[in-house]
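Enquirer:
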Amino acid sequence: MSNCCKTEESSCCCGPKDTQCDGLPAVSTSLSGKDIFGACKVRWGIGRMDYKVEPGIYKVNNPDGSSPVLVSANYKLTFDTLRKNLADLDCWLLILNTKGVNVWCAAGEGTFGTDELVNRIEQTALADLVTHRKLILPQLGAPGVSAHEVTRRTGFVVVYGPVRAADVRAFIGNGYKATKEMRNVRFTFYDRLVLAPMEIAETVKIVLPAFGVLFVINLFAKRQFGIFDTTLYVGANLAGAFITPVLLPFIPGKAFSFKGWLAGLVWTAFAFWLFGWYAPGFWLLVAGYGFLLPAVSSFLAMNFTGASTYTSPSGVLKEMKIALPFIIGSAFLGAILVLIKSFVG
Numbered sequence: 001m002s003n004c005c006k007t008e009e010s011s012c013c014c015g016p017k018d019t020q021c022d023g024l025p026a027v028s029t030s031l032s033g034k035d036i037f038g039a040c041k042v043r044w045g046i047g048r049m050d051y052k053v054e055p056g057i058y059k060v061n062n063p064d065g066s067s068p069v070l071v072s073a074n075y076k077l078t079f080d081t082l083r084k085n086l087a088d089l090d091c092w093l094l095i096l097n098t099k100g101v102n103v104w105c106a107a108g109e110g111t112f113g114t115d116e117l118v119n120r121i122e123q124t125a126l127a128d129l130v131t132h133r134k135l136i137l138p139q140l141g142a143p144g145v146s147a148h149e150v151t152r153r154t155g156f157v158v159v160y161g162p163v164r165a166a167d168v169r170a171f172i173g174n175g176y177k178a179t180k181e182m183r184n185v186r187f188t189f190y191d192r193l194v195l196a197p198m199e200i201a202e203t204v205k206i207v208l209p210a211f212g213v214l215f216v217i218n219l220f221a222k223r224q225f226g227i228f229d230t231t232l233y234v235g236a237n238l239a240g241a242f243i244t245p246v247l248l249p250f251i252p253g254k255a256f257s258f259k260g261w262l263a264g265l266v267w268t269a270f271a272f273w274l275f276g277w278y279a280p281g282f283w284l285l286v287a288g289y290g291f292l293l294p295a296v297s298s299f300l301a302m303n304f305t306g307a308s309t310y311t312s313p314s315g316v317l318k319e320m321k322i323a324l325p326f327i328i329g330s331a332f333l334g335a336i337l338v339l340i341k342s343f344v345g
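Read in order, the letters of the sequence shown correspond to residues 1 to 345 in the numbering used here.
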């Protein structure tokens with residue numbers, strides 16, 4: 001184990017080739033199979049809260065006193081994304097203790113903040129390591145850092161770099177100036193797609209208990225829940241947790257809750273047609289599931305607000321305040337109608 005993996009909670013990937021660092025930890029710009037596998041696990045919510053590296057100073061390639069200092073979070077996925085884009089660049093990485101949270105979220109929570117940055121500069125004796133007094137911070141970390149306060153307390157000047165790690169080398173090569181494209185916050189199809197597995201994994205925590213409840217109800221119900229009901233329910237969950245995030249810009253509406261509700265409604269209506277439920281004898285089920293399933297999709301879609309760059313904390317709270325009463329009311333009414341059909345027949 002290399003000297004950049006000093007604690008049990010650290011998940012640093014440093015290997016034998018990364019330890020020639022004259023007393024300071026060095027990292028490779030190439031990701032190993034273990035790094036890639038670890039990222040895949042985290043995308044599915046496995047070990048997410050423990051996926052972090054030790055805060056401190058790291059060497060990338062062969063930096064000296066004049067090399068740039070890049071500041072980032074100790075969430076390992078963020079750490080890996082940054083270092084893999086630094087090939088052929090000699091620099092220092094100053095990693096803050098964000099408790100394993102990415103830069104954007106940590107800036108909102110305050111862990112990627114002024115005090116942590118100042119303390120990390122002092123603890124690593126950064127002023128003795130470099131001859132310049134310039135720090136490159138990710139643009140998405142700006143809400144948590146008071147640049148003038150950092151300068152007053154440490155003498156280091158904060159320069160906000162590009163949104164994406166892939167533009168860091170071009171930013172430095174351009175004299176620490178960002179183009180308009182570098183400042184644009186994009187949330188592409190790929191960005192949404194890689195976040196979707198985490199949303200799906202979270203729905204499992206809801207789906208499995210629900211199936212347990214349905215199993216118990218089936219012991220007493222006149223009309224038992226079967227494959228059609230299961231398909232409807234699973235489809236509604238996927239409509240909210242997967243389809244809505246992936247197709248976010250293409251679904252009408254602004255509120256995530258409405259987008260999820262609409263996706264759930266489309267799925268439910270299609271499933272009714274597919275199962276032949278638009279017929280006498282099924283109207284109570286159609287009404288019940290028509291209220292229940294879009295509400296489920298709406299709630300799950302609204303959870304994605306925390307992962308999206310389309311929202312703000314105040315906007316999320318406002319949407320929840322408006323949408324939750326409708327979601328709860330619709331789900332409750334729908335569940336009552338479905339249960340009536342199940343026990344009355």
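Idealized CB from N, CA, C, for every residue including glycine. Nothing here was measured: the structure is a model prediction, and the numbers come from that model.
Among all the DSSP beta bridges, which residues are the ones paired with I57?
Expert: Translated into the one-based positions of the sequence shown, residue 57 becomes position 57. I57 pairs with L94.
Enquirer: Where does the unbroken alpha helix (DSSP H) through S32 begin, and where does it stop?
Expert: Here residue 32 is taken as the residue at index 32 of the sequence shown, counted from 1. That residue, S32, is in no alpha helix (DSSP H); it is neither H nor E in DSSP.
Enquirer: Beta carbon of G56, beta carbon of P25: below 9 Å?
Expert: Numbered from 1 along the sequence shown, position 56 holds the residue referred to as residue 56. Numbered from 1 along the sequence shown, position 25 holds the residue referred to as residue 25. Yes, the Cβ-Cβ distance between G56 and P25 is below 9 Å.
Enquirer: Output needed for E116: all residues of its chain with C-beta closer than 7 Å, excluding positions within five of it in sequence on either side, in chain order.
Expert: As a position in the sequence shown, residue 116 is number 116, starting the count at 1. Result list for E116: L96, N97, in chain order.
Enquirer: Determine the closest residue to T124 out of H148, P143, S28, W92, with distance taken between C-alpha atoms.
Expert: Looking up residue 124 in the sequence shown gives position 124. If we check each option's Cα against that of T124, W92 comes out closest.
Enquirer: Assuming I200 and F242 make a contact with CB atoms under 8 Å, what is their CB distance in whole Å?
Expert: Position 200 of the sequence shown, counting from 1, holds the residue named residue 200. Position 242 of the sequence shown, counting from 1, holds the residue named residue 242. Yes, I200 and F242 are in contact; Cβ-Cβ is about 6 Å, under 8 Å.
Enquirer: Can you look up S257 in the DSSP assignment and give me helix, strand or coil?
Expert: Walking along the sequence shown from the start, residue 257 turns up at place 257. If DSSP states are grouped into helix, strand and coil, S257 belongs with the helices.
Enquirer: Cβ atoms of W267 and A236: under 9 Å apart, would you say?
Expert: For this step, residue 236 is matched to residue 236 along the sequence shown. For this step, residue 267 is matched to residue 267 along the sequence shown. Yes.
Enquirer: If you draw a straight line from the C-alpha of N373 to the C-alpha of D88, how long is it?
Expert: Residue 373 cannot be examined here, being either before or after the span of the chain that is shown, 1 to 345.
Enquirer: Which partner residues of I136 appear in the DSSP bridge assignment?
Expert: Taking the sequence shown and counting its residues from 1, the one referred to as residue 136 is at position 136. Note: I136 sits in a beta bridge opposite L70, V159.
Enquirer: Residues in the same chain with beta-carbon distance under 7 Å from V42, minus the five sequence neighbours each way, listed in chain order, please.
Expert: Along the sequence shown, one-based indexing puts residue 42 at 42. Same-chain partners within the cutoff: R48, Y51, L77.
Enquirer: Taking all protein chains shown into account, decide if S342 is buried (16 or more other Cβ within 10 angstroms of its Cβ) or exposed.
Expert: Reading the sequence shown from its first residue, position 342 is the one you call residue 342. Buried, because 16 or more other Cβ atoms sit within 10 Å of the Cβ of S342.
Enquirer: Counting only the same chain and skipping the five closest in sequence on each side, list residues whose C-beta sits under 7 Å from that of L193.
Expert: Here residue 193 corresponds to residue number 193 of the sequence shown, with the count starting at 1. Here the set comprises V246.
Enquirer: Taking only the alpha-carbon atoms, compute the straight-line gap between C21 and Y58 and give it to the nearest angstrom.
Expert: Within the sequence shown, residue 21 is the residue found at index 21, counting from 1. Within the sequence shown, residue 58 is the residue found at index 58, counting from 1. Its pLDDT being 42, under 50, C21 is placed unreliably by the model, and nothing is read from it.
Enquirer: Could you tell me the alpha carbon to alpha carbon distance between F226 and L293, rounded to whole angstroms?
Expert: Working through the sequence shown from its first residue, we reach residue 226 at position 226. Working through the sequence shown from its first residue, we reach residue 293 at position 293. Reading the sequence as shown, one finds Gly at residue 226 and not Phe. Whole-angstrom Cα-Cα distance: 16 Å.
Enquirer: Quick one: residues in its chain with C-beta nearer than 7 Å to the C-beta of Y160, no 5 flanking neighbours on either side, listed in chain order?
Expert: Sequence index remark: in the sequence shown, residue 160 carries index 160 (1-based). Contacts found: L137, Q139, A142.
Enquirer: T244 and L317: beta carbons closer than 9 Å?
Expert: Here residue 244 corresponds to residue number 244 of the sequence shown, with the count starting at 1. Here residue 317 corresponds to residue number 317 of the sequence shown, with the count starting at 1. No, these two residues do not count as a Cβ contact at 9 Å.
Enquirer: For the alpha helix (DSSP H) containing S298, name the first residue and the last one.
Expert: The residue labelled residue 298 in the question sits at position 298 within the sequence shown. From DSSP, the alpha helix (DSSP H) with S298 extends over 283 to 303.
Enquirer: Express the C-alpha separation of K134 and T230 in angstroms, rounding to a whole number.
Expert: Position 230 of the sequence shown, counting from 1, holds the residue named residue 230. Position 134 of the sequence shown, counting from 1, holds the residue named residue 134. Cα to Cα, the separation comes out at about 58 Å.
Enquirer: Quick check: the region 249 to 268 against the region 279 to 293, are at least 3 beta-carbon pairs closer than 8 Å?
Expert: Yes: the two stretches touch, three or more of their Cβ pairs being nearer than 8 Å.
Enquirer: Cβ of L126 within 9 Å of Cβ of R120?
Expert: Taking the first residue of the sequence shown as 1, we reach residue 126 at position 126. Taking the first residue of the sequence shown as 1, we reach residue 120 at position 120. Closer than 9 Å, so yes.
Enquirer: So, is K259 buried or exposed, given that buried needs 16 or more other C-beta atoms within 10 angstroms?
Expert: What you label residue 259 is simply residue 259 of the sequence shown in a count that begins at 1. Buried is the call here.
Enquirer: What do you reckon, are the CB atoms on L337 and I217 nearer than 9 Å?
Expert: Position 337 of the sequence shown, counting from 1, holds the residue named residue 337. Position 217 of the sequence shown, counting from 1, holds the residue named residue 217. Cβ distance not < 9 Å, so L337 and I217 don't count as in contact.
Enquirer: Is A106 helix, strand or coil by DSSP?
Expert: Position 106 of the sequence shown holds residue 106. A106: helix per DSSP, three-state reduction.
Enquirer: Where do the N-terminal and C-terminal ends of the alpha helix (DSSP H) with R48 fall, by residue?
Expert: In the sequence shown, residue 48 corresponds to position 48, counting from 1. That residue, R48, is in no alpha helix (DSSP H); it is neither H nor E in DSSP.
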